[in-house]
Amino acid sequence: VAPPPVEHYALNKLTSTSNPIANDERVLILTPLARFYQEYWDNLAKLNYPHELISLGFITPKTREGDAATAALQSAIAATQSGPIDNRFASVTILRQDFDPPIVSQNEKERHKISNQKVRRESMSRARNSLLFTTLGPSTSWVLWLDADIVETPSTLIQDLARHDRPILVPNCYQRFYDPNSKKMSVRPYDFNSWQDSETSLELASKMDPDEILLEGYEEMPTFRTLMAHLNEPSGDPDTIMELDGVGGTALMVKAEVHRHGAMFPAFAFYHLVETEGFAKMARRLGYFCWGLPNYLVYHYNE
Ligand code: GDP
Ligand code: MN
Numbered sequence: 038v039a040p041p042p043v044e045h046y047a048l049n050k051l052t053s054t055s056n057p058i059a060n061d062e063r064v065l066i067l068t069p070l071a072r073f074y075q076e077y078w079d080n081l082a083k084l085n086y087p088h089e090l091i092s093l094g095f096i097t098p099k100t101r102e103g104d105a106a107t108a109a110l111q112s113a114i115a116a117t118q119s120g121p122i123d124n125r126f127a128s129v130t131i132l133r134q135d136f137d138p139p140i141v142s143q144n145e146k147e148r149h150k151i152s153n154q155k156v157r158r159e160s161m162s163r164a165r166n167s168l169l170f171t172t173l174g175p176s177t178s179w180v181l182w183l184d185a186d187i188v189e190t191p192s193t194l195i196q197d198l199a200r201h202d203r204p205i206l207v208p209n210c211y212q213r214f215y216d217p218n219s220k221k222m223s224v225r226p227y228d229f230n231s232w233q234d235s236e237t238s239l240e241l242a243s244k245m246d247p248d249e250i251l252l253e254g255y256e257e258m259p260t261f262r263t264l265m266a267h268l269n270e271p272s273g274d275p276d277t278i279m280e281l282d283g284v285g286g287t288a289l290m291v292k293a294e295v296h297r298h299g300a301m302f303p304a305f306a307f308y309h310l311v312e313t314e315g316f317a318k319m320a321r322r323l324g325y326f327c328w329g330l331p332n333y334l335v336y337h338y339n340e
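Here it is, written out as structure tokens:
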């Protein structure tokens, strides 16, 4: 009997460049998914990066809500993967999350309460890490983190983010809403986790107990950080780029080597940061800088 074949991957030939299509770069889109929105799937299906270079990975919680989301996701996958060949993704993986006692379903207001944040975000870190460590392959060039409630992005999202050739790059996550004053649809910032540190935040952190974490966007804990969410100029240059110390994960483009070298989502206080903000800090400690695009918008679902 012939011995099993050995596969070789020259990781130094694996690129992640500003011209990913020309270089056949594989993109892994990772989504923790508690609720399925058809708008998310439709937007994903419209991404015009060659789908044969895109693999999808999902992790869904083992709750009733998670079961329903998984079923809806599976129908959407079945439709796309049996449709026109050019629309089919290279591969799809769904993981079921069975490590934590599931967090009971929370609405937007409830899950954003400061008292719920530490437990929630540490659990999200474990979900993201499980998803990442089981799906990152030897030919993955980029990881695009995309939350399941991102319902609108430019169809060129992957190319647009890769073009900047940054190890970690985050667009600005906004939300559409009906403004009763103007009686028109308008937009407002949604994700406040992309920021630059301030003297106050560093000072606050320096006085914290080892397990305490800093949170952004809470009146109870003013940090005076510079928030990318507030720096959007509606008619500004979408290529405007800024350095960041913390990043959000609603949409987040990462060169695979950053994860491969060990940057993950701490499910514990890491420099008083957790999850995506802790990831930014960990990447920084590995020598990578984080960047953001204040004028490049993606949109979060409005519950
Ligand atoms: P928020 O927008 O920051 O309030 O956070 P979300 O509740 O939208 O969660 C972020 C992402 O993780 C979304 O894609 C959710 O569908 C997903 N998510 C939320 N809770 C869980 C969970 O317990 N397990 C998993 N696997 N995904 C979750
Ligand atoms: Mn969300």
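Start counting the sequence shown at 38; every next residue gets the next number (the numbering used here).
Glycine residues also receive a C-beta, built at the ideal position from the N, C-alpha and C atoms.
Quick caveat, the model's predicted, so the values are computed rather than measured.
Considering only residues of the same chain and omitting the five flanking positions on each side of residue i, which have a CB-CB separation below 8 angstroms?
i	result
Met-222	Arg-213, Phe-214, Tyr-215, Asp-216
Ile-187	Tyr-77, Asn-80, Cys-210, Thr-287, Ala-288, Val-335, Tyr-336, His-337, Tyr-338
Glu-159	Ala-304, Phe-305, Val-311, Glu-312
In the DSSP assignment, find the beta strand (DSSP E) that holds residue i and state where it starts and stops.
i	result
Lys-50	Unbroken run through Lys-50: none, as it is neither H nor E.
Ile-187	187-189
Gln-134	128-134
Rank the options by C-alpha distance to the C-alpha of residue i and give the top, closest one.
i	options	result
Thr-52	Thr-237, Asn-153, Arg-203, Ala-71	Arg-203
Tyr-74	Glu-256, Asp-184, Asn-269	Asp-184
Leu-28	Pro-40, Thr-277, Gln-196, Tyr-86	Absent from the model: residue 28. The displayed extent of the chain is 38 to 340, so no value can be given.
Ile-176	Met-319, Val-335, Tyr-46	Here residue 176 is Ser; the residue named in the question, Ile, does not match the sequence. The shortest C-alpha separation from Ser-176 is found at Tyr-46.
Ile-91	Ala-127, Ala-59, Pro-121	Ala-127
Ala-199	Asn-56, Glu-44, Thr-100	Asn-56
Lys-150	Tyr-255, Tyr-338, Phe-316	Tyr-255
Thr-172	Val-64, Arg-262, Lys-146	Val-64
Arg-101	Asp-135, Pro-121, Ala-116, Gln-118	Asp-135
With respect to 7 angstroms, is the separation between the Cβ of residue i and the closest non-hydrogen atom of the ligand MN below this value?
i	result
Thr-97	no
His-337	yes
Thr-68	no
Asp-202	no
Can you tell me where the alpha helix (DSSP H) with residue i in it begins and where it stops?
i	result
Val-207	No alpha helix (DSSP H) holds Val-207; the beta strand (DSSP E) holding it covers 205-216.
His-296	293-297
Tyr-77	75-83
Thr-107	101-118
Excluding the 5 residues preceding and the 5 following residue i in the sequence, name in chain order all residues of the same chain whose CB lies nearer than 7 angstroms to its CB.
i	result
Asn-230	Glu-253, Gly-283, Val-284, Gly-285, Thr-313, Glu-314
Gln-154	Leu-252
Thr-190	Asn-80, Ala-288, Val-335
Leu-168	Leu-67, Pro-69, Gly-94, Ile-96, Leu-132
Leaving out the 5 sequence neighbours to the left and right, which residues in its chain are closer than 6 angstroms to residue i when beta-carbon positions are compared?
i	result
Leu-110	Phe-73
Ala-266	Pro-226, Phe-229
Compute every distance between the C-beta of residue i and the non-hydrogen atoms of the ligand FMN, then say whether any falls below 7 angstroms.
i	result
Leu-334	The ligand FMN is not part of this structure, which contains only the ligand GDP and the ligand MN.
What's the C-alpha gap between residue i and residue j?
i	j	result
Asn-85	Ala-306	38 angstroms
Val-291	Val-38	42 angstroms
Ala-293	Glu-240	33 angstroms
Ser-238	Ile-250	11 angstroms
Ser-192	Gly-174	25 angstroms
Arg-125	Ser-272	35 angstroms
Taking 7 angstroms as the cut-off, is the C-beta of residue i nearer than that to any heavy atom in the ligand GDP?
i	result
Ser-160	yes
Gln-134	yes
Glu-145	yes
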